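Okay, so here's the structure we're looking at.
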Amino acid sequence: MPLSGASIAVGKGRAGSAQPLLGCRVRAGFPSPADDHLDVELDLHAHVVRRPASTFFVRAEGDSMQGDGIHDRDLLVVDRSLEPRPGRVVIIAVDGEPTVKRLVRRGDALVLEASNPRYAPIPLAGRECHVWGVVTHVLHALPGAAP
């Protein structure tokens with residue numbers, strides 16, 4: 000599966016990569032987690048990758064999917080084994096150009112829709128399309144949090 004120009008990492012979680020998971024939920028404004036609230040360790044890879052053999056990662060580029068919480072440089076978790084049904088966010092190559100958009104049915108036609116109103120829908124009829132997978136998770140740093 001060639002992914003020209005895409006930044007991709009495929010692999011299994013590293014041994015010892017589990018991180019602590021607090022046993023309580025936090026509300027906005029919660030001052031700080033306390034050690035007595037530790038519940039279990041959480042391996043983030045195991046949490047976001049349900050089917051390792053069919054999952055890959057790719058970086059998003061641009062602002063067309065901001066309404067779905069996908070921002071420039073976010074890391075997308077993509078599962079190739081999921082069916083690309085209408086309503087799902089997919090990674091798809093249209094006429095050889097990869098993009099991330101929501102698959103939508105309009106009458107009898109399928110189109111790709113951005114979640115930023117500045118971008119027009121992309122009709123798929125008569126175009127060469129190859130679905131690479133369904134986006135299952137988005138990972139991004141909050142402003143000012145990344146080094």
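Per numbering that gives the first Met the number 0, the sequence shown starts with residue 0, numbered consecutively.
Heads up, the beta-carbon is just placed ideally off N, CA and C, and yes, glycines get one too.
These numbers were taken from a predicted model, which means no experiment stands behind them.
(request) For residue 29, count neighbouring C-beta atoms within 10 Å of its own C-beta (all shown protein chains included) and say buried if the count is 16 or more, exposed if not. (result) Locating residue 29 in the sequence shown gives position 30, where the first residue counts as 1. In this prediction, residue 29 has a pLDDT of 49, which is less than 50 and means its spatial position is unreliable; what the coordinates show is noted afterwards. Classified as exposed, residue 29 has fewer than 16 neighbouring CB atoms from the shown chains inside 10 Å of its CB.
(request) List the residues that DSSP assigns as beta-bridge partners of residue 108. (result) For the purposes of this step, residue 108 is taken as the residue at position 109 of the sequence shown. Residue 108 is bridged by DSSP to 105.
(request) Give the straight-line distance between the Cα atoms of residue 138 and residue 71, rounded to the nearest whole angstrom. (result) Walking along the sequence shown from the start, residue 138 turns up at place 139. Walking along the sequence shown from the start, residue 71 turns up at place 72. The C-alpha of residue 71 is placed about 11 Å away from the C-alpha of residue 138.
(message) If the criterion is Cβ atoms closer than 8 Å, does the pair residue 129 and residue 91 meet it?
(response) The residue labelled residue 129 in the question sits at position 130 within the sequence shown. The residue labelled residue 91 in the question sits at position 92 within the sequence shown. With contacts defined as CB atoms closer than 8 Å, residue 129 and residue 91 qualify as a contacting pair.
(message) So residue 54 and residue 39 are supposed to be a Cβ contact under 8 Å. How far apart are they, rounded?
(response) Numbered from its first residue, the sequence shown carries residue 54 at position 55. Numbered from its first residue, the sequence shown carries residue 39 at position 40. Contact doesn't hold; Cβ gap of about 22 Å is too wide.
(request) Measure the alpha-carbon distance for residue 120 versus residue 110 and round it to whole angstroms. (result) In the sequence shown, counting from the first residue as 1, residue 120 sits at position 121. In the sequence shown, counting from the first residue as 1, residue 110 sits at position 111. If you take the alpha carbons of residue 120 and residue 110, they lie about 6 Å apart.
(request) Counting only the same chain and skipping the five closest in sequence on each side, list residues whose C-beta sits under 6 Å from that of residue 94. (result) Start at 1 with the first residue of the sequence shown, and residue 94 comes out as number 95. 126 and 127, listed in sequence order.
(message) Once DSSP output is grouped into helix, strand and coil, what is the label at residue 140?
(response) On the sequence shown, residue 140 is found 141 positions in, with the first residue counted as 1. The DSSP-derived three-state label of residue 140 is coil.
(message) Less than 8 Å between the C-beta atoms of residue 99 and residue 59, yes or no?
(response) The count along the sequence shown starts at 1 and reaches residue 99 at position 100. The count along the sequence shown starts at 1 and reaches residue 59 at position 60. Yes.
(request) Could you have a look at residue 70 and say whether DSSP puts it in helix, strand or coil? (result) Here residue 70 refers to the residue found at position 71 when the sequence shown is read from its first residue. Residue state, collapsed to three classes: coil.
(message) Cutting at 8 Å between CB atoms, please list the residues of its own chain near residue 49, excluding the five before and the five after it.
(response) The residue given as residue 49 occupies position 50 in the sequence shown. Around residue 49: 78 and 135.
(message) Helix, strand or coil, according to DSSP, for residue 122 in the structure here?
(response) In the sequence shown, the residue the question calls residue 122 occupies position 123. The answer is strand: DSSP assigns residue 122 an E or B state.
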